[in-house]
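Right, one structure below, let's go through it.
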Amino acid sequence: METLPNNVFVKRGTQDGPTLAVVAGVHGNERVGVMALQALWPTLEIVKGTVYAMYANPEAIAKNVRFIEKNLNRCFMHGNVSTTLEERRAQELLPIFDTCDAVLDLHATNSVKTTPFLITEQPSMDLARALDFPIISTGWNEAEGGAVDGYVYERGKIAVTTELGSVKTPELYLDLAKQSILTFLRYYGCIEGDVPTPTQTPKYVHIVRSVLKQTNALSFAKDFADFEALPEGDVFAKDGDTEYRAGKGECIIFPRPEKEIGGEAFLVGKFTA
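Using our numbering, the first residue of the sequence shown is number 122, and each one after it goes up by one.
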């Protein structure tokens with residue numbers, strides 16, 4: 122019998138098929154993915170392949186905090202020193218990811234003014250479109266290393282991260298989280314049922330830079346929503362003596378004036394065709 126890490130579960134179908142993982146709780150306060158996986162997993166009937174259900178950071182989930190010692194979503198890489206709880210947990214999960222053909226990672230954002238979106242790269246774009254979200258974004262792995270999807274991409278496999286609305290209102294996005302899991306499993310034929318026809322034409326955004334907070338004087342021109350378009354040439358943020366002006370077709374993501382110095386203050390994306 123296979124020995125699995127704590128809070129990792131597996132089901133296998135009677136037919137050969139792909140190996141998948143559905144991941145929730147990389148950040149313990151992002152409850153919607155955990156709620157969706159808990160609701161669906163007990164009755165899921167896998168007909169083909171192998172499916173893992175992972176509650177990635179159980180200690181943080183239990184305490185309803187983002188992480189215990191270190192952001193787990195910066196720990197998924199071989200060779201980390203494993204001095205923190207999250208680094209050790211990542212090392213437990215990596216061997217499973219190494220066996221997977223595709224991974225779905227369920228997240229939510231700390232933003233209040235946000236909209237559901239996907240994080241992916243070009244090899245996973247067909248799956249991303251099937252998941253039927255209003256925004257599909259790329260380029261995150263260049264700005265933020267150590268994430269689940271980045272690790273999987275580096276091994277030539279498929280990965281999509283769902284950002285399922287705000288952490289403050291998980292109940293509003295629970296149905297979307299469930300549907301994302303079911304569509305993912307149907308896309309690969311692991312459960313019965315057809316993949317729903319997408320109802321939305323997504324916007325595409327590529328991350329062009331991540332900006333760190335320099336001073337305690339960081340401020341924004343307004344209370345921006347995630348993916349809000351920035352007028353070209355306008356100053357949209359100031360950090361001490363530094364002004365940030367928008368380029369053509371750019372938008373802002375995750376503006377965080379409350380971040381500590383050295384933390385990620387915001388990201389800038391560019392709308393693409």
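From the three backbone atoms N, C-alpha and C, an ideal C-beta is built for every residue, glycine too.
Option in Val202, Thr318, Pro291 with minimal Cα separation from Asp253 = Thr318
Alpha carbon to alpha carbon, how far is Asn337 from Thr363?
-> 12 Å
Tell me the start and end of each unbroken alpha helix (DSSP H) in the region 198-249 that is at least 4 residues and wholly inside, in chain order.
-> 206-220
Is it buried or exposed for Thr171, if we count other Cβ within 10 angstroms and need 16 for buried?
-> buried
From the DSSP output, read off the bridge partner residues of Glu385.
-> Leu333
What whole-angstrom Cβ distance do Leu248 and Ala298 have, given they're in contact under 8 Å?
-> That pair is no contact at about 16 Å.
Assuming Arg210 and Leu193 make a contact with CB atoms under 8 Å, what is their CB distance in whole Å?
-> 6 Å
Buried or exposed (CB count within 10 angstroms, at least 16 for buried), Thr140 | buried
Which runs of the beta strand (DSSP E) fall wholly inside the region 123-162 and span at least 3 residues, in chain order?
-> 129-133, 136-145
Beta strand (DSSP E) containing Thr259: first to last residue?
-> 256-259
For Tyr308, the three-state DSSP class (helix, strand or coil) | helix
Sufficient close CB pairs (3 or more, under 8 Å) joining the region 319-326 to the region 211-219 | no
May I have the straight-line CA-CA distance separating Ile182 from Arg152, to the nearest angstrom?
-> 8 Å
Leaving aside the five residues before and after Gly390 along the sequence, list all residues of the same chain whose C-beta is less than 6 Å from its C-beta, in chain order.
-> Val326, Ile328, Cys372, Ile374
Hey, how far is the Cα of Ser301 from the Cα of Arg195?
-> 24 Å
Kindly list the residues whose CB is nearer than 7 Å to the CB of Lys132, restricted to its own chain and excluding five residues on each side of it in sequence; keep chain order.
-> Leu165, Ile167, Val172
Residue span of the alpha helix (DSSP H) that contains Lys369, given as start and end | No alpha helix (DSSP H) contains Lys369, which DSSP labels as neither H nor E.
Can you tell which of Ala264, Gly368, Asn201, Leu225 has the C-alpha that lies nearest to the C-alpha of Pro352?
-> Gly368
Taking Cβ positions, are Thr241 and Val281 nearer each other than 7 Å?
-> yes
Check each candidate in Pro163, Lys169, Tyr176, Ala160 and name the one with the smallest Cα separation from Val129.
-> Tyr176
From which residue to which residue does the beta strand (DSSP E) around Leu173 run?
-> Position check: residue 173 holds Tyr in this sequence, whereas Leu was assumed. Where Tyr173 is concerned, the enclosing beta strand (DSSP E) stretches over 169-176.
Are the beta-carbon atoms of Val144 and Phe197 separated by less than 7 Å?
-> no
First and last residue of the beta strand (DSSP E) that includes Ala280?
-> 279-287
At what residues does the beta strand (DSSP E) containing Val273 begin and finish?
-> No beta strand (DSSP E) holds Val273; the alpha helix (DSSP H) holding it covers 269-275.
For Gly314, which option in Pro126, Met156, Lys169 has the closest C-alpha, if you only look at C-alpha atoms?
-> Lys169
Tell me which same chain residues have a C-beta within less than 6 Å of the C-beta of Gly260, skipping the five on either side of it?
-> His327, Ile328
Residue interval of the beta strand (DSSP E) (run including Ala358) = 356-360
Roughly how many angstroms lie between the CA atoms of Phe341 and Val288, to the nearest whole one?
-> 22 Å
With a threshold of 16 other CB atoms inside 10 Å of the CB of Thr393, please say whether the residue is buried or exposed.
-> exposed
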